[in-house]
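Student:
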Amino acid sequence: MRIRVNGQTLEVEAPTLERLIEELGFSEQTVATAVNQEFVRSKDRGETLLVEDDTVEIVTPRQGG
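Residue numbers for the sequence shown follow this note's numbering, beginning at 1499 and rising by one.
1) At the level of alpha carbons, what is the spacing between Met1499 and Glu1555?
2) Measure the beta-carbon distance from Asp1518 to Leu1548 and round it to whole angstroms, keeping in mind my assumption that it falls under 8 Å.
3) Going by other Cβ atoms of all chains shown within 10 Å of its Cβ, with 16 needed for buried, is Val1533 buried or exposed?
4) Distance, Cα to Cα, Thr1507 vs Val1529?
5) Quick check: what's the CA-CA separation for Ala1512 versus Asp1551?
In C-alpha cells form, the structure reads like this:
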C-alpha cells in the first residue's frame, strides 16, 4: 500500500500503525505518532488501521539546544 511517512511516499505492507513502526525500524525507539494529522497514543497503535494514501508522522525526541 502507498502512504506518506514524514513527507516521503513509501510502499509498505503494514496494516496497522504499530506494524508500520516495526517495518520501518522504529520499534526500539520512543516515538510520537500521528495519522492524517491526528495524534495516536502508543497504546492505540495496534488498533489504528492504515489505508492507501494515509499521511503518517513518526517523530523521535531529540536532546540539545
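Note that CB positions come from ideal geometry on N, CA and C, so glycine has one too. Keep in mind that this is a model prediction, so the values were computed, not measured.
Tutor: Checking against the coordinates, here is how it stands:
1) Along the sequence shown, read from residue 1 onward, the residue named residue 1499 stands at position 1. Along the sequence shown, read from residue 1 onward, the residue named residue 1555 stands at position 57. C-alpha separation (whole angstroms): 16 Å.
2) Here residue 1518 refers to the residue found at position 20 of the sequence shown. Here residue 1548 refers to the residue found at position 50 of the sequence shown. Residue identity check: residue 1518 is Leu in the sequence provided, not Asp. About 6 Å separates the two Cβ atoms, so the contact holds.
3) For the purposes of this step, residue 1533 is taken as the residue at position 35 of the sequence shown. Classification for Val1533: buried.
4) Here residue 1507 refers to the residue found at position 9 when the sequence shown is read from its first residue. Here residue 1529 refers to the residue found at position 31 when the sequence shown is read from its first residue. Rounded to whole angstroms, Thr1507 to Val1529 spans 20 Å at the Cα level.
5) In the sequence shown, the residue the question calls residue 1512 occupies position 14. In the sequence shown, the residue the question calls residue 1551 occupies position 53. Distance between the alpha carbons of Ala1512 and Asp1551 is about 13 Å.
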